[in-house]
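Q: Residues in the sequence shown are numbered consecutively from -4, following the working numbering.
From the three backbone atoms N, C-alpha and C, an ideal C-beta is built for every residue, glycine too.
Provided herewith is a single structure, encoded as structure tokens, for subsequent inquiry.
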Amino acid sequence: MSQRQDIETGATRTRLWWEIGIVVFLTLGQSALYSLLSLIRAALRGPLSEQSAQLNPSQTDEPFWDVVYRVLDVFFDLCLVALVVYLLWEPGRSALRRIGLDLTRFWRDTGVAVMLVAAIGVPGLALYAVSRMMGLTVQVQAGELDQAWWTIPLLILSAVRAGLLEEVILNGYLATRLGALWRSRWTVLVAAALLRGAYHLYQGPAMAAGNVVMGLVFGWCFLRWRRVMPLVIAHALIDTIAFVGYPLAAPYLP
């Protein structure tokens, strides 16, 4: 390789690191920092078991404007998804096909997603219950289901938003970019999984650790099949169960 090619390669790597840093701190890295601060504040206030965290808080007391603001929140988060897809775009090469964010294998992706929900989602709810009893997790409140007829559709929309935002950025974008910089797959997997755990710290250390495990499993699936769609579907299903299913079942649980 010539000196000029060495310089160009070094410049490309530097540009990629700057791009990754900007994207991470604009998106999930920002959430990770606020989540860490939230955990520190909660620990200083007292036992975690006596505190709670609201996942889908109301934006205003006026129902119409609450819906407007929530929908806009989803829209702007999806703009971040569009941004990272755009950054992965190359002339003559579809970024959506590159990360497997399409419907070409919908039923197969759905089948994989259901298996992931069974493998990750159900144990995750069990981990939450156990960690609550051990005082290692705050009470996570998904939101009231009986506020209005649009409450459940908005919660499902939020679940889909979370699936797209987290899986496309963590796996579709970050794993792809880090894979171009690091040769070790395990380094890429661990880095993305630790970031996933970091922005769940507000729930407590136990749930953050559970999300690291989820990140390792989801990241392995992406690196193996190069498809983010089953991860998006699985994540949306898990959050739908947490946002809608768990509050419905909570009165009947121990």
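#1: Give every residue of the same chain whose Cβ lies closer than 8 Å to the Cβ of S33, excluding the five residues on either side of it in the sequence, and list them in chain order.
#2: Can you say whether S126 is buried or exposed, counting buried as having 16 or more other CB atoms within 10 angstroms of its CB?
#3: With H, G and I counted as helix, E and B as strand and the rest as coil, what does DSSP make of V133?
#4: Chain B beta carbons: is any one of them nearer than 8 Å to that of I228?
#5: Rounded to a whole number of angstroms, what is the C-alpha to C-alpha distance between G106 and I228?
#6: Rounded to the nearest angstrom, what separates D1 and W84 at their Cα positions?
#7: Which residue wins for smallest C-alpha separation from S89, given the options R219, G167, W177 and W215?
#8: Decide yes or no for the touch test of the stretch 204 to 219 against the stretch 174 to 188: beta carbon pairs closer than 8 Å, at least 3 of them.
#9: When the distance is taken between beta carbons, is L78 closer than 8 Å to V223?
#10: Counting Cβ pairs closer than 8 Å, one from the stretch 110 to 126 and one from the stretch 20 to 35, do we hit at least three?
#11: Return the first residue and the last residue of the beta strand (DSSP E) that A48 is part of.
#12: At which residues does the alpha helix (DSSP H) containing H230 begin and terminate?
#13: Return the first residue and the last residue of the alpha helix (DSSP H) that D97 is part of.
#14: Classify I233: buried if its beta carbon has 16 or more other beta carbons within 10 angstroms, exposed otherwise.
#15: How would you write the range of the alpha helix (DSSP H) that N206 sits in, first residue to last?
#16: Spatial neighbours of A154 within its chain, please: C-beta separation below 7 Å, excluding the five flanking residues on both sides.
#17: Going by CA-CA distance only, name the one from V133, W220, A108 and S26 that's closest to R40.
#18: I need the boundaries of the alpha helix (DSSP H) containing A186, first residue and last residue.
A: In brief:
#1: A48, L196 and Y197
#2: buried
#3: coil
#4: Reference to chain B is not applicable here, since this structure consists of a single protein chain.
#5: 10 Å
#6: With a pLDDT of only 46 at D1, under the threshold of 50, the placement of this residue in the model should not be trusted; the figure read from the coordinates follows. Near 24 Å, if we compare the C-alpha coordinates of W84 and D1.
#7: Answer by Cα proximity: G167.
#8: Yes, since at least three Cβ pairs between the stretch 204 to 219 and the stretch 174 to 188 fall closer than 8 Å, the two stretches touch.
#9: no
#10: no
#11: S47 to Q49
#12: M224 to T235
#13: DSSP places D97 outside any alpha helix (DSSP H), giving it a letter other than H or E.
#14: Buried: at least 16 other Cβ atoms inside 10 Å.
#15: P200 to W220
#16: Excluding sequence positions up to five before and after A154, its CB lies within less than 7 Å of the CB of A231, D234, T235 and F238, all in the same chain and listed in chain order.
#17: V133
#18: R180 to A193
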